[in-house]
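Protein chains in written order, with our numbering: chain A, 1 to 326; chain B, 1001 to 1326; chain C, 2001 to 2326; chain D, 3001 to 3326. Read the structure below first, then the notes.
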Amino acid sequence: MREITFSEALGEAMFEEMSRDPTIFTYGEDIAKQGGIFGAYKSLLGKFPDRVIDTPISEEVIFGSALGAALAGMRPVAEFHFADFLFTGMTAIANQIMKFRYMTGGQAKLHLVLRGPDGISKSAAAQHSESIETIFMHIPGIKVIVPSTPYDMKGLFKTALRSDDPVICFEHKMLYGLKGPVPEEEYYIPFGQADIKKEGKDVTVVATSRMVHESLKAAKNLSKEGIDVEVIDLRTLVPWDREKVLESVKKTHRLVVAHETWKRGGWSAEVASVVQEEVFDYLDAPILRVGAYNVHIPFSPPLQDFVVPDSKSVEDAVRKVVGGAV
Amino acid sequence: MREITFSEALGEAMFEEMSRDPTIFTYGEDIAKQGGIFGAYKSLLGKFPDRVIDTPISEEVIFGSALGAALAGMRPVAEFHFADFLFTGMTAIANQIMKFRYMTGGQAKLHLVLRGPDGISKSAAAQHSESIETIFMHIPGIKVIVPSTPYDMKGLFKTALRSDDPVICFEHKMLYGLKGPVPEEEYYIPFGQADIKKEGKDVTVVATSRMVHESLKAAKNLSKEGIDVEVIDLRTLVPWDREKVLESVKKTHRLVVAHETWKRGGWSAEVASVVQEEVFDYLDAPILRVGAYNVHIPFSPPLQDFVVPDSKSVEDAVRKVVGGAV
Amino acid sequence: MEYSKEFLQSLYVTMVRIRTFEKKAEELFLQGKLPGFIHLYIGEEAIAAGAMVNLRRDDYITSTHRGHGHMIAKGADIKKMMAELYGKETGYCKGKGGSMHIADLSIGVLGANGEVAGGLPIAAGAGMAIKLQKKDNVVVSFFGDGASNRGAFHEALNWCSIYKLPVIFLNENNQFASTERVQETTSVANIADRAIGYNIPGVSIDGNDVIAVYETVKAAVERARSGGGPTLIEAKTYRIKGHFVGDPTLYRQEQEVEEHWANEPIGRFEKRLKELGMLGEEEKKNIWELAKKEVEEAVKFAEESPYPAPEEALTDLFVDDTGYDY
Amino acid sequence: MEYSKEFLQSLYVTMVRIRTFEKKAEELFLQGKLPGFIHLYIGEEAIAAGAMVNLRRDDYITSTHRGHGHMIAKGADIKKMMAELYGKETGYCKGKGGSMHIADLSIGVLGANGEVAGGLPIAAGAGMAIKLQKKDNVVVSFFGDGASNRGAFHEALNWCSIYKLPVIFLNENNQFASTERVQETTSVANIADRAIGYNIPGVSIDGNDVIAVYETVKAAVERARSGGGPTLIEAKTYRIKGHFVGDPTLYRQEQEVEEHWANEPIGRFEKRLKELGMLGEEEKKNIWELAKKEVEEAVKFAEESPYPAPEEALTDLFVDDTGYDY
Ligand SMILES: Cc1ncc(C[n+]2csc(CCOP(=O)(O)OP(=O)(O)O)c2C)c(N)n1
Ligand SMILES: Cc1ncc(C[n+]2csc(CCOP(=O)(O)OP(=O)(O)O)c2C)c(N)n1
Ligand SMILES: [Mg+2]
Ligand SMILES: [Mg+2]
């Protein structure tokens, strides 16, 4: 199969759906003239001059107008530039978009998408490095997608562009350049279906986004020690695929949940809590979680490396969960 | 001991500390002329004319200016009016206040307090009923207090007013009128010390704010069925008192965690995850969590009652956790 | 200008219908029949009536927490409104929203809003949609004097100006934001002066003069429909009632209110109509009685309607509700 | 006005020091020696130099992502700046912040800021503190043309106007917000025109003329110190370099940049000084050489400094760090 980058996969999804559906338009800061600061829209350059729009630095309107445009019949795709700046227009999302349909008794179809980069890159520091997907899992009202491969990016995003509910898509900065197989034929990936990225029988590792790759790396290393890790990529957090996770834990009896965001209060806690509640008797060891330390992302490379988890962090947790059998 | 209301307790804390410390000032919407929409500042009416300030409806500056005022030597206490409107100025908190000290290598003491009402009241509906304390536990950089009684309100808030770190205080709307004993003598309650509101040996219930009272009510009912519940009030979420919770679970072997906020991704998941990780071998049943359904707070009374947990929800969870012994 | 009796009476009827609805709502609230809290439009009727008569059914508005008048003038069903105020299943939002969240997408009402200035970004989005769809619709966005100090105001006006969107920003300057006088919190003598900062027309008018409102909005709507872009209109009025029903109104003297009663829009317009010989005593009586009857019927409808079933709380968050862990 | 040679040369020296620092930073970045990303102040030096000479050490500034020039002009230690750019332990933020988060509270620099317009609310708060403390300090808040479209701008200007706070809003209109031209995103010809919306003085000046900047800021500072309240100053300049080092700058032609080089502030001022006979060839050479030497030393200092120990990442979040679950 041909290989394209994560960023090209997003571009293709946008291009195909925009070609099909004239109500889709996209806007945000710096997307029209340079194809986005991480190049995600390079493939749209000059293609839909009226429907790819540069905006002022006005996050509350960037997000809030998506609601208005959806209500008036369009399918807006608003870019948030950096996940950190979701906070800058947060009220338009948390108080307006996420509540509107419910508060009005289901009067509206909110076909709108928010998307943009999250996560660390090379020392972008505290205000340009956040992963805050957990917040959108905690507050009800938006579907949350967190793809890890070009294949998933394209398939999930195409589904997002046909969803009648609001969707937020987090694209990890360090994945944009990642190449992977993507079929030429059209395909869609439904939300709520986790993907087993590697089968295994000893321990289940649940991860998303960049941490899927770190987990696969960890699994490879651990296999040398005779530990057979199953790596499950949730792919979407709202909804998340409980069934596949529970099944896997029933098989392996051990679970590690890994994400880049802060461990404290991160979504790994939700997954861990649900799993211990549902399949308590199957667990042979406490569920361990891997996440960032509870500080902000520091600038200096050795500090950033220390704060944010990587394959080693997953390895350590897996070793502990295997050794700590009860 | 004399009894005063929760709201009076807050007023006393403010009055005493403002009398002592001329750098404390407080501001927000509608606080100066009517003592706040829930009467929290009634005791300050006319007392410190320069230091109790009504502001425009400009949440980003209400919060962001607290940072600037603290850096310039004052001790601001900014009111957020309704927890829902924390989102309206969220970036000033999440990107500025919570990151500043860390990003600048510890250059500043951020003696500032954000405070205001959260939680349900009588049908205030989706945009005036939220409990979003979990978000401030997930993102690092602010201490989180969630008092449940007049005694705790006063003691914790006085500590907040002497803290050199940012503090956010969530006061449940339905508690402002609650009366309880508060000594005349000065006292402070340190952060990170949970309070065992009722001792018990069969099940531990961890709760905060309004759910402490619902849990106590549940405990009373359950005692008639011979179930002896221990109710622990965390009182502060950052930091939270792991030790006391772990000790209690080691004793009771069973845990229910209860909060009013959404169950999915709520802080109960963090507590549950930590407990199963730390004292896995002591657990005789899965940890259960009590929280709101994953929808917004609806207006109509029967709907609101259905969505938000109460003493019955706690009772059900306790019965399940006791019955479901393994 | 010359107006037909029919036209002028229609404005009068709209104002009377609003007034009658609001007086009944006040009465019902004081009787404890309505949950939540409500904000009355009494004394401001000329703005909704004069503005809305310029709009087509498929034109849009965004409303506020004080939205009953906007709804009625735009053509809403007052039965469904009243039922919503009661929290009944037959209400506009099936009881999920209440007074502050009423919407009716079938007549272009993109929601009341519990968040001050929450509607402005939504209006901007609807404006974008109209422009992209090459339609000639317009959006009227209502907001208060207090709202004009929120960042969303600034972002929305700049946004609509640069893209020349068909949005009329209709400021209802009723002299108060809750307990605060407009002069205390707002740095300009006329909110309309802020239009200069966005290079769009700004007009200050007597908001208690329904004809002045009509004509000013008419010109703005014509400009907007023909691609001329946004207008900022400030309609000066006075909030005769408390901020919400039950407001202790410690921030002003009764005498001030009485003086303003003399200037309330319905009495004023009545006088003018009588002078023009366009409103007989009998006609007047009929209009008020019809309005009363209509409202009584709405109350009856609401009272006879059932509350929603509690489990209904778990519907309407998403269109595609499958797989969600409520 | 007549100025002493000493005074004029001091302005020149400041500009030369900034330029020298920035050219070195650019060079180092292109050599791959600096992590993260940096935004250069080249071509805008006259604003920082002309403004800051009016400030005392205990006056405050809030800076931006393009903040090196502000820091240097306010008197920062360029060794610590350079070390921070390298992410070294001896840097201003001990390597935690990097270029975008440098602060020096000892000289009143309340932080660079990675969030566009993030500094404006902070400046408002410092202004409140000064007023409450009855001091005669001032705050200068720097922000870009792009920042002037964020809600924070509006809220901060209104806020400082109503309380008459000693805050000078110094807009650096360098014609671009990242890839977007000011005309595309900003609805007024002169950003200073927006002052009318806040009833404060607004002045547009040639920001490449260091004397014009000096005089305009001087008047504003005098007003502010004597209780006259805020001023909005727009200093028009041109961003000669890319938005960040490495920017492909697809949004403009090289020729346009070349034209603007002819107008860059240092060359212009040099010519003027020479005409006035206030800068000899030898003096000039000395100034540049001294600046170069100073920067070389800073680089040496930075390169010889150690990286912070990884565990240092877990300090500096809170003053009181006890009991936190890192
Ligand atoms: C973002 C936000 N902040 C605060 C509030 C609380 N609040 C509700 S109405 C109101 C005053 C609004 O004043 P104005 O905009 O003039 O409208 P009016 O009530 O006078 O019609 C306030 C502060 C809110 N609903 N939303
Ligand atoms: C709230 C926010 N939105 C977006 C960004 C990304 N961003 C960084 S700088 C910039 C352009 C800023 O333009 P301007 O204010 O004119 O400052 P300049 O870079 O020209 O000095 C943008 C969009 C950000 N840092 N913060
Ligand atoms: Mg008002
Ligand atoms: Mg700029």
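Backbone N, C-alpha and C define an ideal beta-carbon position, used for all residues, glycine too. Treat the numbers as computed from the prediction; the structure is a model and nothing was measured.
Residue i beta carbon near ligand 1 (any heavy atom closer than 7 angstroms)
i, result
"residue 1132 of chain B", "no"
"residue 2145 of chain C", "yes"
"residue 3154 of chain D", "no"
"residue 1191 of chain B", "no"
"residue 1299 of chain B", "no"
"residue 2234 of chain C", "no"
"residue 1088 of chain B", "yes"
"residue 1119 of chain B", "no"
Bridge partners - residue i, DSSP secondary structure assignment
i, result
"residue 116 of chain A", "A:170"
"residue 3159 of chain D", "Note: residue 3159 of chain D sits in no beta bridge, so no partner."
"residue 3235 of chain D", "D:3172, D:3205"
"residue 266 of chain A", "Its beta-bridge partners do not exist; DSSP assigns none."
"residue 181 of chain A", "A:3"
Expected contact under 8 angstroms - CB spacing of residue i and residue j to nearest Å
i, j, result
"residue 2236 of chain C", "residue 2207 of chain C", "5 angstroms"
"residue 2042 of chain C", "residue 2019 of chain C", "6 angstroms"
"residue 230 of chain A", "residue 208 of chain A", "Residue 230 of chain A to residue 208 of chain A, Cβ: 15 angstroms. No contact."
"residue 1129 of chain B", "residue 1120 of chain B", "5 angstroms"
"residue 2160 of chain C", "residue 2118 of chain C", "About 16 angstroms; that fails the 8 angstroms criterion."
"residue 291 of chain A", "residue 263 of chain A", "3 angstroms"
"residue 1064 of chain B", "residue 3122 of chain D", "6 angstroms"
"residue 237 of chain A", "residue 314 of chain A", "Contact flag wrong, Cβ pair sits at about 19 angstroms."
Heavy atom of ligand 4 within 7 angstroms of residue i beta-carbon
i, result
"residue 3176 of chain D", "yes"
"residue 3239 of chain D", "yes"
Residue interval of the beta strand (DSSP E) (run including residue i)
i, result
"residue 1251 of chain B", "That residue, residue 1251 of chain B, is in no beta strand (DSSP E); its alpha helix (DSSP H) goes 1242-1252."
"residue 2014 of chain C", "Run containing residue 2014 of chain C: none in the beta strand (DSSP E); it sits in the alpha helix (DSSP H), 2005-2030."
"residue 2060 of chain C", "2060-2062"
"residue 1316 of chain B", "Element bounds for residue 1316 of chain B: not the beta strand (DSSP E) but the alpha helix (DSSP H), 1311-1323."
"residue 3 of chain A", "3-5"
"residue 2127 of chain C", "Note, residue 2127 of chain C: premise wrong, no beta strand (DSSP E); alpha helix (DSSP H) at 2119-2132."
"residue 2273 of chain C", "Unbroken run through residue 2273 of chain C is the alpha helix (DSSP H), 2265-2275; no beta strand (DSSP E)."
Span of the alpha helix (DSSP H) around residue i
i, result
"residue 1025 of chain B", "Segment 1024-1028 is the beta strand (DSSP E) holding residue 1025 of chain B; no alpha helix (DSSP H) there."
"residue 3143 of chain D", "First-last for residue 3143 of chain D: 3139-3144, but that is the beta strand (DSSP E), not the alpha helix (DSSP H)."
"residue 1071 of chain B", "1059-1071"
"residue 1159 of chain B", "1150-1160"
Proximity below 8 angstroms, CB of residue i to CB of residue j
i, j, result
"residue 3168 of chain D", "residue 3221 of chain D", "yes"
"residue 3 of chain A", "residue 179 of chain A", "yes"
"residue 2075 of chain C", "residue 2087 of chain C", "no"
"residue 3116 of chain D", "residue 3147 of chain D", "yes"
"residue 3171 of chain D", "residue 3234 of chain D", "yes"
"residue 3044 of chain D", "residue 306 of chain A", "no"
"residue 83 of chain A", "residue 60 of chain A", "no"
"residue 1303 of chain B", "residue 2308 of chain C", "yes"
"residue 2064 of chain C", "residue 2113 of chain C", "yes"
"residue 2111 of chain C", "residue 104 of chain A", "yes"
Distance cut-off 7 angstroms: residue i Cβ against heavy atoms of ligand 6
i, result
"residue 3260 of chain D", "With respect to ligand 6, the structure offers nothing, as its ligand set consists of ligand 1, ligand 2, ligand 3 and ligand 4."
Ligand 2 heavy atom lying under 7 angstroms from the CB of residue i
i, result
"residue 3042 of chain D", "no"
"residue 1101 of chain B", "no"
"residue 1104 of chain B", "no"
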